[in-house]
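S.K.: The structure that follows is given in the form of structure tokens.
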């Protein structure tokens, strides 16, 4: 066991910027080694290297924040736990959350279908009003944008 400690100590001594071994002794059935840490130089001024600014990454397309529009992880939870049998690997809280998300998604799809029907009948104001009455702001924006292009 102490051979591993000495090998580690020897490896640390071989590295120039690592701590140096000062002493080792066997105390209470274990080895205790003392090391000397290298001097640390604190910078009082920033280095002369040029400052590089981070390059902005292209932003991901904005996702809808409407209730009922599920993220990928929420969709996986619904698929795994909404209709889960007693033997499935879902906690009761996950089952409740999955069923709530499933119901929200079904309500959103129903509202989306109704908005599509109203737009197809040329009733753009009614479509927007229907989307807003359900609290689906992104769907209302989408229907208004579609109606403007017609």
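Residue numbers (this note's numbering): 13 to 162.
Yeah, the Cβ is synthetic: ideal placement off N, Cα and C, and Gly gets one too.
Keep in mind the model is a prediction, meaning the values are calculated, not measured.
When you compare only the Cα positions, how much space is there between residue 78 and residue 109?
M.R.: Taking the straight line joining both Cα atoms gives about 17 Å.
S.K.: Taking the beta strand (DSSP E) that residue 44 belongs to, which residues open and close that run?
M.R.: Segment 42-48, the beta strand (DSSP E) holding residue 44.
S.K.: With 16 as the cutoff for other CB atoms within 10 Å, does residue 101 come out buried or exposed?
M.R.: Exposed, because fewer than 16 other Cβ atoms sit within 10 Å of the Cβ of residue 101.
S.K.: To the nearest angstrom, how far is the alpha carbon of residue 133 from that of residue 99?
M.R.: Straight-line Cα distance between these residues: approximately 47 Å.
S.K.: Apart from the five residues just before and just after residue 113, which ones in its own chain have a Cβ nearer than 8 Å to its Cβ?
M.R.: Here the set comprises 82, 86, 89, 90, 94.
S.K.: Is it a yes or a no for the stretch 111-127 touching the stretch 40-52, going by three-plus beta-carbon pairs under 8 Å?
M.R.: Touching, no.
S.K.: Can you tell me whether residue 36 is helix, strand or coil according to DSSP?
M.R.: In this structure, residue 36 counts as strand in the three-state DSSP scheme.
S.K.: Below 6 Å CB to CB, which residues in the same chain sit around residue 156 once its five sequence neighbours on both sides are set aside?
M.R.: Answer for residue 156: 140, listed in chain order.
S.K.: In the DSSP assignment, the alpha helix (DSSP H) including residue 131 goes from what residue to what residue?
M.R.: Residues 104-132.
S.K.: Assuming residue 37 and residue 48 are in contact, meaning their beta carbons sit under 8 Å apart, how far apart are those beta carbons, in whole angstroms?
M.R.: At roughly 16 Å, the Cβ-Cβ gap does not stay under 8 Å, so residue 37 and residue 48 are not in contact.
S.K.: Going by other Cβ atoms of all chains shown within 10 Å of its Cβ, with 16 needed for buried, is residue 46 buried or exposed?
M.R.: It is exposed - the Cβ of residue 46 has fewer than 16 other Cβ atoms within 10 Å.
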